[in-house]
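Chemist: In UniProt numbering, the protein residues as written are 1 to 318. Handing you a structure now.
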Amino acid sequence: MRIIIIGAGEVGYHISKFLSREEGVEVVVVDTNKEQLGRISEELDIAVVEGEGGSPSVLKEAGAEKASILLAVTNSDETNMISCLVAKALFNIPRKIARIRNDEYYANRLLLARDNLDINPVINPELESASAILRIIDAPFATDVEEFEGGMIKVIGFRVQKDSLLAGKTLQEFRERIREKVLIGIIQRENSAIIPSGKDRIEENDIVYLPVHRDHVHRTAALISGALKPVRNMIIVGGGRIGFHVAREMEKKDVTVKIIEKNPERCKFLIKNLRRTVVLIGDGADRGLLDEENISSMDVFAAISNNEELNIMSSLLA
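In C-alpha cells:
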C-alpha cells in the first residue's frame with residue numbers, strides 16, 4: 001500500500017516514522033523544503049519528492065496513480081485542501097486526510113463532504129488538544145482519557161489519592177466495600193504495568209485504568225481518587241486557538257473563566273467571541289498578576305499557550 005504524505009515538518013516526520021515501521025507500506029513524502037526532506041530521507045530511508053503538494057506533476061512523480069491514502073499535513077490549510085482536491089480529481093486516491101486549523105473551513109461540512117473535497121477525517125490539532133484537556137477536566141484526577149462509541153464509553157486513567165477508598169486495599173477488599181462492579185484493567189506503578197487480580201493491593205499514586213460510562217465519570221472519580229469538588233473557577237494562560245476552544249466550552253458549563261494573554265490584538269478577538277470569560281492582558285508567568293487574580297482559589301489552572309517555557313514557568317508558579 002502506498003501512502004503519500006504532503007508536508008515534511010514535525011507532524012509529517014513523525015507520521016512517516018510511524019508508518020515506515022509497518023510491513024507492506026510504501027511511504028512517499030512531498031515538500032518544498034529541501035532540509036526537511038533530507039532529514040526524512042537520511043533518518044528514515046523513505047522516498048521523498050521536492051515540490052508543491054497540490055501540483056499534479058509532483059503528485060504523479062510521487063506515484064499518486066498507485067496511492068491508497070494521501071495525508072496532507074502542512075502548516076497551510078489551503079495547500080492541504082488543494083492537495084486533496086487534486087488527489088481526488090486527477091488520481092482518484094480513495095482516502096484523503098487533511099490537517100485543517102481554520103474554524104471556517106473545519107466547520108464547513110459541505111466543503112469537506114464526499115461530493116466536494118471528500119476529506120475524511122479532518123485533523124484539527126488545536127481542537128483535538130482542547131478536547132483532550134476538556135476530557136481530563138471532566139474526569140478529576142485523570143491522567144489519560146480515551147473515548148469510544150462516540151464518547152459513550154471512556155477508558156480513564158485515575159491517579160489514586162491518599163484519601164481514596166482504594167488506597168492501601170486489594171481489589172477484592174475495595175469491591176466488597178463499595179459493593180459495585182468496577183473493572184480495573186491495568187495498574188501503572190512508576191514504570192511498571194500490572195494486570196491485576198483480586199489480591200493485588202493498590203498504593204497511593206498508582207494510576208489505574210478502567211472503562212467508565214460517561215454518566216458515571218464523576219462518581220467513579222470520587223470512588224477511585226477521593227473527595228471531589230466541582231469545577232467553578234478556572235484560569236487559562238494563553239488565548240490562542242486551544243485556550244479559546246477550552247474557554248468557550250467551559251462557559252457552557254457555567255464555569256467562571258479567566259484568560260491571560262500577552263497579545264493585545266488576540267485579546268480583542270477573545271473579548272469579542274467569548275461571552276463571559278474575563279480576558280487579562282499580561283504575562284502568565286507574572287507572579288504578581290497571578291496573586292492579584294487569586295490563583296490559589298482556582299479549581300483548574302491550564303497553561304496552554306504556544307510558548308512551552310511560559311507554560312512550564314506559569315505552572316510552577318501556580
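We put the beta carbon where it would ideally sit given N, CA and C, even for glycine. These figures come from a predicted structure and were not determined experimentally.
Threshold first: 3 residues or longer. Then list the beta strand (DSSP E) segments lying entirely within the segment 246 to 282, N to C.
Modeler: 256 to 261, 278 to 281
Chemist: According to DSSP, Y106 sits in a beta bridge with which residue or residues?
Modeler: The partner list for Y106 (beta bridge, DSSP) is empty, contrary to what the question assumes.
Chemist: Near L37, which residues of its chain fall below 7 Å by C-beta distance, leaving aside the five closest residues on each side in sequence?
Modeler: A8, V29, D31, V48, E50
Chemist: Per DSSP, what kind of secondary structure is G151 in: helix, strand or coil?
Modeler: helix
Chemist: Decide if the segment 178 to 193 is in contact with the segment 113 to 120; the criterion is three or more beta carbon pairs, one per stretch, under 8 Å apart.
Modeler: no
Chemist: On the DSSP bridge assignment, give the partners of V11 in chain order.
Modeler: Note: V11 sits in no beta bridge, so no partner.
Chemist: Using the three-state DSSP reduction, which class does F91 fall into: helix, strand or coil?
Modeler: coil
Chemist: Are the segment 53 to 68 and the segment 76 to 90 touching, with three or more C-beta to C-beta distances below 8 Å?
Modeler: yes
Chemist: Counting beta carbon pairs with one atom in the segment 259 to 276 and one in the segment 198 to 213, are three or more of them shorter than 8 Å?
Modeler: no
Chemist: To the nearest angstrom, how far is the alpha carbon of N33 from that of F174?
Modeler: 57 Å
Chemist: I'd like to know whether the C-beta atoms of I4 and I93 end up nearer to each other than 9 Å.
Modeler: yes
Chemist: Taking E309 as part of the alpha helix (DSSP H), name the residues at either end of that continuous run.
Modeler: 308 to 317
Chemist: Just to confirm, is the Cβ distance from V246 to V278 under 9 Å?
Modeler: no
Chemist: Tell whether a beta-carbon distance below 9 Å holds between residue 319 and K262.
Modeler: Nothing can be reported for residue 319, as the shown portion of the chain is limited to 1 through 318.
Chemist: Classify residue 333 as helix, strand or coil using the three-state DSSP reduction.
Modeler: The requested residue 333 is not part of the displayed model; the chain covers only 1 to 318.
Chemist: Which residues bound the beta strand (DSSP E) around P211?
Modeler: 207 to 213
Chemist: Considering Cα atoms alone, identify which of I224, M152, Y105, I236 is closest to L171.
Modeler: Relative to L171, the option among I224, M152, Y105, I236 whose CA is nearest is I224.
Chemist: Take residue 319 and list the residues in its own chain whose beta-carbon comes closer than 8 Å to its own, dropping the five residues that flank it on each side.
Modeler: The first residue shown for the chain is 1 and the last is 318, placing residue 319 beyond what the model contains.
Chemist: Evaluate G238 with the Cβ neighbour count: other Cβ atoms within 10 Å of its Cβ, from every protein chain shown; 16 or more gives buried, anything less gives exposed.
Modeler: buried
Chemist: Do V160 and D144 come within 9 Å of each other at the CB atom, strictly closer than that value?
Modeler: no
Chemist: Which residue wins for smallest C-alpha separation from D301, given the options N273, I6, I281, M250?
Modeler: The residue asked about is misnamed: residue 301 is Phe in this sequence, not Asp. Comparing Cα-Cα distances from F301 to each of N273, I6, I281, M250, the minimum goes to M250.
Chemist: Measuring only the C-alpha atoms, how far is I136 from A142?
Modeler: 6 Å
Chemist: Given this structure, state the Cα-to-Cα distance separating E78 from N294, to the nearest angstrom.
Modeler: 43 Å
Chemist: With H, G and I counted as helix, E and B as strand and the rest as coil, what does DSSP make of R175?
Modeler: helix
Chemist: Classify S305 as helix, strand or coil using the three-state DSSP reduction.
Modeler: coil
Chemist: According to DSSP, is F221 helix, strand or coil?
Modeler: The identity of residue 221 in the sequence shown is Ala, whereas the question assumes Phe. Here A221 sits in helix by DSSP.
Chemist: Check D144 in the structure and name its three-state DSSP category.
Modeler: Here D144 sits in strand by DSSP.
Chemist: Would you check if the distance between the CB atom of G157 and the CB atom of V208 is smaller than 9 Å?
Modeler: yes
Chemist: Identify the continuous beta strand (DSSP E) that holds E50 and give its terminal residues.
Modeler: 47 to 50
Chemist: DSSP has Q188 in a bridge; who is on the other side?
Modeler: Q188 pairs with A193, I207.
Chemist: Would the beta-carbon of L59 fall within 9 Å of that of F91?
Modeler: yes
Chemist: What span of residues does the beta strand (DSSP E) with L71 cover, start to end?
Modeler: 67 to 72
Chemist: Tell me the DSSP secondary structure of G238 in three-state form.
Modeler: In the three-state reduction of the DSSP assignment, G238 falls in the coil class.
Chemist: Taking its Cβ as the centre, do 16 or more other Cβ atoms sit within 10 Å of R276, making it buried, or is it exposed?
Modeler: exposed
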